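Reading through the structure tokens given below for one structure.
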Amino acid sequence: MWPSLRPKSAHTICANPLADRHFSMTTQRYNARESEPRWQKIWDEREIFATKNDDPRDKYYVLEMFPYPSGRIHMGHVRNYAMGDVVARYKRAKGFNVLHPMGWDAFGMPAENAAMANKVHPKAWTYENIATMKKQLKSMGLSLDWSREIATCDPSYYKHQQSMFLDFLKAGLAERKLGRVNWDPVDQTVLANEQVIDGRGWRSGAEVEQREMMQWYFAITKFSDDLLDQLDTLTRWPEKVRVMQQKWIGRSEGLAVRFALDADTTPRGERELEVFTTRPDTLFGAKFMALSPDHPLAAAAAAKNPALAEFIAACKRSGTAAQIIETAEKQGFDTGIRAIHPFDPSWQIPVYVANFVLMTYGTGAIFGCPAHDQRDLDFVNKYRLGNTPVVCPEGQDPATFVITDTAYDGEGKMINSRFLDGMTIADAKEEVAKRLERETVGNRPVAERQINFRLRDWGISRQRYWGCPIPVIHCEACGIVPVPAAELPVKLPDDVSFDRPGNPLLRHDAWRNVPCPTCGKPAHRETDTMDTFVDSSWYFIRFTDPWNADAPTTRSVVDRMLPVDQYIGGVEHAILHLLYSRFFTRAMKITGHVALDEPFDGMFTQGMVVHETYRKPNGEWVTPAEIKITTTGDKRSAALLSNGEAIEIGPIEKMSKSKRNTVDPDDIIETYGADTARWFMLSDSPPDRDVIWSEEGVQGATRFVQRMWRLVSTAAPLLPAPGTNVDPANEAAKALRTVAHQTLSDVATGIERLRFNTAIAKLYSFVGALADVVDDPKKPLASDPALAAAAREAFDILVRLIAPMMPHLAEECWATLGHQGLVSQAAWPEVEAALLVSDTLTLPVQVNGKKRGDIVIGRNASNQEIETAVLALDAVKTALNGKPVRKVIVVPQRIVNVVG
RNA sequence: GCGGACGUGGCGAAACUGGUAGACGCAAGGGACUUAAAAUCCCUCGACGGCAACGUUGUGCGGGUUCGAGUCCCGCCGUCCGCACCA
């Protein structure tokens, strides 16, 4: 596929020595396929990436999201892990005790799906995939501490997860309760709200049904406030992720108000209806009340009203299915029930059932003030209930202010609201709250200030086999009994079958039937397993001491190694995984396993890898490997390799199996080497944006690999020993040193800020500059010892700068340059700051904001000197065209602007 | 609908807290070398004008602030992402 990878014959190389000034008899093309495994073996044998927990140096914990062992790694992994590895290698060179572990998010449904489809056991399937993917990851040359490898499906891992579940249970952080759950009829399991997307299961895509079931929950809502408040402290997280979490938690302050009901109108003599509102100030604008179709009062009313029952049934039908309907029309049904205004016993308000009121939020009932809420306005306009504005914006005449189609939700003064008139919204809210709090009905105040959250408790029950068993036993006499600590882990039985849908654990009597640990009577195990998000909520904590067989953590270690200093992963986990991990860390703190609340100090979400799509005229997708691209002028066309059939080049999209626009990391590493793949993934696009994988781009990267190798192997014999002093009087040498140290400074900044693309740009320039020095026929290196010494320093810097990105090539170069140790263990070079400030500056000169020339002037020149020099420029005189100079602005070290 | 991010050459993109717009890479064009190709090296490459040094113009559109705006402010247009009746 890429024949030039083969080393060229000496004959070819020597045929034209002038054409390639870098080549010599001994210089061959860099052979990644030979070199990379060789260095990997050396790193492995010397265990240089194993992290010692008792290392006294400052720690740095860099982590990429661990993969699901789906079978093979993909380019997204390559990008993710390449980024993390740059940080790990860089921090290691900077002298930190770097923790950079890897593991497997190994439980989950694909393993069971494979079991059903291919009659292979989930365990066997999973471990085979792990073996394959581990080999692939190793071929990338990542500086991982494999001795800490974790698979979440391993009993040595989930044992501790089970013990923590019991800790949580004791601490009231885990509980079993009846819940309305999302039931996935295809996967036959319960899904968390977060796993339901547009009314469909996130994996199966099946339409989700609502069911009432006993479920295990983690009490994440106990931390709602804290999870929200602490977001502000996460300054090294993307703003976007923090906003998403904030929205997800969804805190809102308001008032719970009990409306009296006219008992003559209620189905069973009900006397009140409680609603939650954030706008108690608009109480005098109320036109209707509305109940969720799931509200008990609605059900009661429907029992006596078939038309209402039919309406409610219709709402429920469309409820799940029709979230697709964009702006589902507001619909309501008058129950005939009448509520009484809390401030006016004679004021009756109709109570509707409305399709847009959610049972899961607040009390499942609202009062509607149409003038100041768009949803309510849409509703009354449909049912002709009218509206009364009660907030008048500044500058509007209250007498003529009317609302028609657009609700007003801005600031203003209260109107039409009796004792509230003239108040601000905030004052009116306060006044209403005060008055209603004082009033009591049946020993309870009519209203209470309340804070509501959108966040729900985390339902973790899954009716699946391939997950962490929930370690409790159900006993008819004793109820729910925790499995005794000494009996953990509750291991999954191996002898299960997948020939029927549903949970194999449920029908595995030998496993399921056990005596009660308390009373000894026949009892049975819990057959639900945990959501796999539980597994991934603490793996990064376990990495700190995965060898501890007795406890989830070792406090002396975990307290020192956490938090994760830099976490890197896809934005698709911005809410679920990160929020659950934040919860889990808090729960582990309460149960004594860690000391901190926030597990991830720095978070970075990397972009996707995207690729062109190709398809045949009949619409069939074709993989990049099956086609050939030809370029004529700036027109590109594609044809099938096998028979030359024309192929349409489609839009660039996320790599996916369905569109077949994937490239296989194995193929890329086999053809170009891991360094080329890593380099390309890091160059071009900023890491948080999508990167386009293209054949041309990879070839650009591989060209650089060869260029770098050629340059180093040509120069190496010409360089003095490392550490040779440079004659400070030699200008050319000094110029080269300046470039080297400037690059050093820039690359470090780029890596620290995770701006790998800019770091790489500087490295391209640096190599260009070095090549100019090495190649300059007018000034051979051999004739200038000072320059040769500067070049030696520059090369030693260069190789250490590329080492985090292209570690194998760097090792090869490092050895070629005569160093004994490994560059992977070499210290990061020190910047010589004095080189970065020059004696003279080139200042651009503007006239009226337009650039007209430059002056070169001493760095400490006074403004007066600069002004004189600037005004003497011909270009300035011409541009001024005889006009007098009004002002000269000198921005120190930057620019000069003459105002004419 | 709400919230957020973004909009710079043919393309991916640089540009520190307002200070030389387009670094670096890709693609393209021209040249050197070669029997030829590959590889490599050199040159050109925002637009318009000019043989040329150079000039004019140019960071989605329209205004504004400033000696100076890709960057700040106001108003539009467009793209992408997230949330979608949360009372």
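For the first sequence, numbering that gives the first Met the number 0 puts the final residue at 899, and the numbers step up evenly by one. Ideal placement from N, C-alpha and C gives every residue a C-beta, glycine not left out. For clarity, every value in this text was computed on a predicted model and none was experimentally measured.
Of the residues the options, the one placed nearest residue i, counting alpha carbons only
i	options	result
Glu619	Leu595, Lys658 and Glu652	Lys658
Gly568	Pro562, Pro483, Leu419 and Gly601	Gly601
Phe583	Glu597, Glu238 and Ile574	Glu597
Gly361	Glu252, Phe400, Val773 and Asn30	Glu252
Leu419	Tyr59, Leu282, Leu376 and Phe332	Leu282
Lys118	Leu578, Phe497 and Asn512	Phe497
Glu148	Phe48, Phe217 and Ala170	Phe48
Val356	Ser69, Gly331, Leu376 and Trp678	Gly331
Asn847	Asn862, Ala874 and Thr399	Ala874
Ser146	Leu272, Pro891 and Asp544	Asp544
Ala446	Trp38, Val274 and Ser636	Val274
Assigned exposure category for residue i - 16 Cβ within 10 Å defines buried
i	result
Met213	exposed
Phe539	buried
Arg885	exposed
Leu797	buried
Lys634	exposed
Asn502	buried
Ala320	Bear in mind that a pLDDT of 41 at Ala320, under 50, signals an unreliable position, so the number given afterwards is only what the model happens to contain. With fewer than 16 other Cβ atoms within 10 Å, it is exposed.
Leu233	buried
Arg499	exposed
Gln900	Coverage of the chain is limited to positions 0 through 899, which leaves residue 900 absent and any answer about it impossible.
Thr841	exposed
Val889	buried
Pro2	Here Pro2 scores only 32 on pLDDT, less than 50, and its place in the model is too uncertain to base an answer on.
Thr25	Low local confidence applies: a pLDDT of 43 at Thr25 is under 50, so the model's placement there is unreliable, and no value is given.
Glu810	buried
Gln565	buried
Gln892	exposed
Thr552	buried
Beta carbon of residue i nearer than 9 Å to that of residue j
i	j	result
Gly363	Leu290	yes
Leu172	Thr531	no
Ala731	Asp687	no
Met422	Asp280	yes
Ile646	Ala638	yes
Met654	His73	yes
Leu816	Pro721	yes
Asn96	Tyr59	yes
Asp493	Lys137	no
Leu296	Glu328	no
Pro341	Ala259	yes
Ile918	Trp346	Residue 918 is absent from the model: the chain starts at 0 and stops at 899.
Asp663	Arg241	no
Val897	Arg78	no
Pro255	Pro292	It should be pointed out that residue 255 corresponds to Ala in this sequence rather than to Pro. In this structure, Pro292 does not lie closer than 9 Å to Ala255 by Cβ.
Asn415	Val431	no
Asp666	Leu808	no
Gly953	Glu63	No answer is possible for residue 953: the residues shown for the chain start at 0 and end at 899.
Proximity test, residue i beta-carbon vs the ligand PLP heavy atom, cut-off 8 Å
i	result
Arg541	Because no ligand of any kind appears in the structure shown, any question about the ligand PLP cannot be addressed here.
Legend entry - the segment 794-809 in contact with the segment 726-735 per 3-pair CB rule at 8 Å: no
Legend entry - Every unbroken beta strand (DSSP E) inside the segment 517-567 [3 residues or more]: 521-524
Inset, instruction - Output the residue ranges of the alpha helix (DSSP H) runs that lie fully inside the segment 655-708 and measure 4 residues or longer, sorted by chain position. - result: 664-671 and 673-681
Inset, instruction - Examine the Cβ distances between the segment 865-878 and the segment 811-830 and report whether three or more of them are shorter than 8 Å. - result: no
Inset, instruction - Assess, as a yes-or-no matter, whether the segment 110-127 is touched by the segment 539-552 under the definition of 3 or more beta carbon pairs within less than 8 Å. - result: no
Legend entry - the segment 519-528 / the segment 463-473 touching (three or more Cβ pairs under 8 Å): yes
Inset, instruction - Give, in chain order, every unbroken run of the alpha helix (DSSP H) that is at least 4 residues long and sits entirely within the segment 39-82. - result: none
Legend entry - the segment 298-314 touching the segment 445-458, judged by at least three CB pairs closer than 8 Å: no
Legend entry - Given 8 Å, three or more beta-carbon pairs between the segment 683-701 and the segment 43-63: no
Inset, instruction - Decide yes or no for the touch test of the segment 696-713 against the segment 625-632: beta carbon pairs closer than 8 Å, at least 3 of them. - result: no
Inset, instruction - Return the chain-ordered ranges of every beta strand (DSSP E) run that is complete within the segment 253-340 and spans a minimum of 3 residues. - result: 271-276, 287-290 and 331-340
Inset, instruction - Could you tell me whether the segment 222-238 touches the segment 570-583, where touching means 3 or more Cβ pairs closer than 8 Å? - result: yes
Inset, instruction - Kindly provide the ranges of any beta strand (DSSP E) runs that are 3 or more residues long and lie completely inside the segment 449-525, ordered along the chain. - result: 471-474, 478-481, 512-514 and 521-524
Legend entry - Within the segment 795-849, ranges of the beta strand (DSSP E) (whole runs, at least 3 residues): 839-846
Inset, instruction - Determine contact between the segment 676-686 and the segment 740-755, defined as no fewer than three beta-carbon pairs at a distance below 8 Å. - result: yes
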